[in-house]
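In this note's numbering, the protein residues as written are 1 to 456. Even glycine gets a Cβ: it sits at the ideal position worked out from N, Cα and C. On a predicted model such as this, the values are computed, not experimentally measured, just so you know.
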Amino acid sequence: MDLVDVFKKKKIGDKVEIEGWIRNNRDQKEFGFIDFSDGTCFNSLQLVYDNKLSNFDEVCHYHVGSSIIARGKLVKSNGKQAMELKIEEIELVGDAPADYPIQAKRHTMEFLRSVSYMRGRTRTFQAVFRVRSVAAFAIHDYFQKNNYLYAMTPLITGTDCEGSNQMFKVSTFDFNDIPVDKDGKVDFSKDLFSKQVYITGSGQLHGEAMAMSFKKIYTFGPTFRTENSNTKVHANEFWMIEPEIAFCDLNGLMDIEEDMLKYVVSYVLEHCSDEINFFDSFVEKGLREKLEKLVKSEFVRITHKEAIDLLKKSKKKFEFEPSYDEDLAKEHEKYITEHFNGPVFIKDWPKDIKAWYMKVNEDGKTCAAVDLEVPGAGEIMGGSEREIDLKVLDKRIKEKNVKKESIEWFLNLRRFGGCYHSGFGLGFERLLMYLTGMENIRDVIPFPRTPGNCDY
Ligand code: 4AD
Ligand code: MG
């Protein structure tokens with residue numbers, strides 16, 4: 001049976017059979033202890049065996065990492081857990097020889113990344129990937145309870161949302177024999193889709209189409225970007241949640257972002273209490289308090305201009321001088337989130353540094369964009385009210401060099417019963433970094449894809 005059910009449903013005196021892996025095995029002369037985990041819950045169970053077992057000598061030599069099946073009776077324990085299992089029978093299913101990489105000691109994150117296909121066996125990654133699973137459920141739960149449609153947008157697309165230079169190209173061509181036209185250019189008409197296509201960098205534009213039929217939608221899926229940024233917060237494959245809401249303006253959007261984040265944080269605090277306690281002790285001191293505070297707080301909302309004013313007033317020596325026309329650097333984000341000691345919405349960004357689909361404000365200089373910044377993970381959500389004026393869109397598309405033919409269908413949404421609407425993208429891994437205190441995006445994705453790294 002699953003260990004989680006042993007803890008939840010069984011009591012002292014009950015007999016159980018469990019299957020899982022040995023975390024540690026300490027044998028004394030006449031008895032021994034196995035630290036046992038099956039991955040169905042964060043806590044492990046202590047198994048106690050003695051020399052009455054017919055295979056006692058063999059059990060004493062079971063290696064760390066081996067898989068076993070054990071049967072026995074639950075008895076009272078003086079250890080960390082209320083109970084332990086007194087083994088009556090135990091069998092080895094799969095041995096893990098002495099060179100098993102995940103020994104019962106502290107390993108560095110760098111080392112564990114090099115064996116990412118097995119790092120789920122450590123307590124840290126048991127906790128990380130459990131939180132990942134529970135947080136994903138909480139996100140679906142929030143949107144489903146609030147009348148949103150789960151829209152599954154395409155992964156292969158010819159539509160350019162965040163810039164085609166950011167997208168991986170998809171082709172069935174033999175790379176050593178690519179067809180060319182009479183001008184020597186690649187002849188995409190001969191490819192499977194008869195044109196050039198990409199793997200998506202955002203489901204937003206298709207999400208907007210769905211929102212124009214279903215009012216409130218969200219996507220939750222993998223996203224791909226070619227950016228060659230070797231940072232702790234960028235991956236080339238990451239998961240994104242992209243809600244899109246018809247009849248919603250920028251203020252309404254911030255309300256939704258705040259409400260959703262609080263729901264997800266509360267849900268994780270409630271359902272991953274053991275994991276959060278573990279992170280609080282070993283990964284980020286004060287994590288629990290930070291998360292509990294977030295649920296009760298009201299998020300700060302400032303404009304990009306106010307953010308720059310604040311940075312300039314600080315008199316702090318920044319490596320990059322804060323500027324009213326430019327994006328915030330990591331050090332600026334850090335200063336602002338630390339200054340407010342919590343999540344901060346920054347809105348009304350200079351339009352020239354933001355995407356073409358964002359609504360241009362009346363001043364003609366800024367746009368109705370909003371980013372949510374949190375300490376540590378930086379920008380976890382980015383969103384905006386959408387531009388619906390076709391004339392403005394036409395201008396913006398030209399400015400940003402977007403191929404109009406690739407989004408002609410999208411522009412029709414403005415022609416046929418369009419309405420004001422807004423949406424945002426939540427980077428799922430950035431959220432996980434915030435929830436767990438893990439400092440590197442590579443350690444919240446089971447198999448991370450970052451520049452130079454596509455192992456396993
Ligand atoms: O700010 P971004 O690029 O916005 C969009 O893609 C919009 N289409 C979203 C929308 O309005 N529907 O990305 C959204 C979020 C960021 O705030 C960040 O959390 C995350 O996605 N993100 C990344 N996460 C990990 N690695 C990367 N390379 C990321 N790029 C963006
Ligand atoms: Mg962004």
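- For Asp-327, the Cβ stays outside the 7 Å cut-off from all heavy atoms of the ligand MG.
- Annotation for Asp-371 indicates a beta carbon within 7 Å of some heavy atom of the ligand MG.
- Using a cutoff of 7 Å, the CB of Phe-410 does not count as near the ligand 4AD, since none of the ligand's heavy atoms is closer than that.
- Following the DSSP letters along the chain, one finds Arg-430 inside the alpha helix (DSSP H) bounded by residues 428-436.
- With distances taken between CA atoms, Ile-217 lies nearest to Ser-422 out of Ser-422, Lys-10, Asp-443 and Lys-190.
- Here the distance from the Cβ of Ile-346 to the nearest heavy atom of the ligand 4AD is not below 7 Å.
- If you draw a 10 Å sphere on the C-beta of Thr-450, you find 16 or more other C-beta atoms in it, and that means buried.
- Assigned with DSSP and collapsed to three states, Leu-310 falls in helix.
- DSSP lists Thr-157 and Lys-169 as the bridge partner or partners of Tyr-198.
- Using a Cβ-Cβ distance cut-off of 8 Å, the segment 126-143 and the segment 61-78 are not in contact, since fewer than three pairs of beta carbons, one from each stretch, lie closer than that value.
- Three or more Cβ pairs closer than 8 Å define a contact, and the segment 402-422 falls short of that threshold against the segment 69-81.
- A contact is defined here as three or more CB-CB pairs under 8 Å, and the segment 133-144 meets this definition with respect to the segment 424-438.
- One thing to note: Glu-208 has its Cβ no nearer than 8 Å to the Cβ of Leu-411.
- Secondary structure at Tyr-49: strand, using DSSP grouped into helix, strand and coil.
- In chain order, Glu-17, Glu-88 and Glu-89 place their CB closer than 6 Å to the CB of Arg-71, counting only its own chain and leaving out the 5 sequence neighbours on each side.
- Within the same chain, Glu-326 and Asp-327 come within 7 Å of Ile-353 by CB-CB distance, once the 5 residues on both sides are set aside.
- Here Gly-437 is not near Leu-253, since their CB atoms are 8 Å or more apart.
- Boundaries of the alpha helix (DSSP H) harbouring Ala-211: 204-214, taken from the DSSP string.
- Taking a C-beta distance under 8 Å as the contact criterion, Arg-123 and Phe-279 do not qualify as a contact pair.
- Cα atoms of Gly-383 and Gln-196: separation of roughly 28 Å, rounded to the nearest angstrom.
- Taking the CA atoms as reference points, Met-1 sits about 33 Å from Tyr-150.
- Secondary structure at Phe-238: strand, using DSSP grouped into helix, strand and coil.
- In this structure, the alpha-carbon of Thr-40 lies about 49 Å from that of Thr-366.
- If you check the C-beta of Ala-246 against the ligand 4AD, you find no heavy atom less than 7 Å away.
- Around the Cβ of Ser-54, a 10 Å sphere holds fewer than 16 other Cβ atoms; the residue is exposed.
- A direct Cα-Cα distance of roughly 12 Å separates Glu-373 from Ala-329.
- Under a 10 Å Cβ-count criterion, Cys-454 is classified as exposed, with fewer than 16 other Cβ atoms of the shown protein chains found around its own Cβ.
- Pro-322 sits buried, since 16 or more C-beta atoms from the chains shown fall within 10 Å of its C-beta.
- For the alpha helix (DSSP H) assignment, the uninterrupted runs of no fewer than 4 residues enclosed by the segment 53-77 are, from N- to C-terminal side, 56-60.
- Per DSSP, reduced to three states, the secondary structure at Val-4 is helical.
- Taking the Cβ of Glu-292 as the reference point, every heavy atom of the ligand MG lies at 7 Å or farther away.
- Beta-bridge annotation (DSSP): Val-131 is not paired with any residue.
- In this structure the segment 158-169 touches the segment 186-202; the number of beta carbon pairs closer than 8 Å is three or more.
- Between the segment 343-350 and the segment 294-307 there are three or more C-beta pairs closer than 8 Å, enough to call the two in contact.
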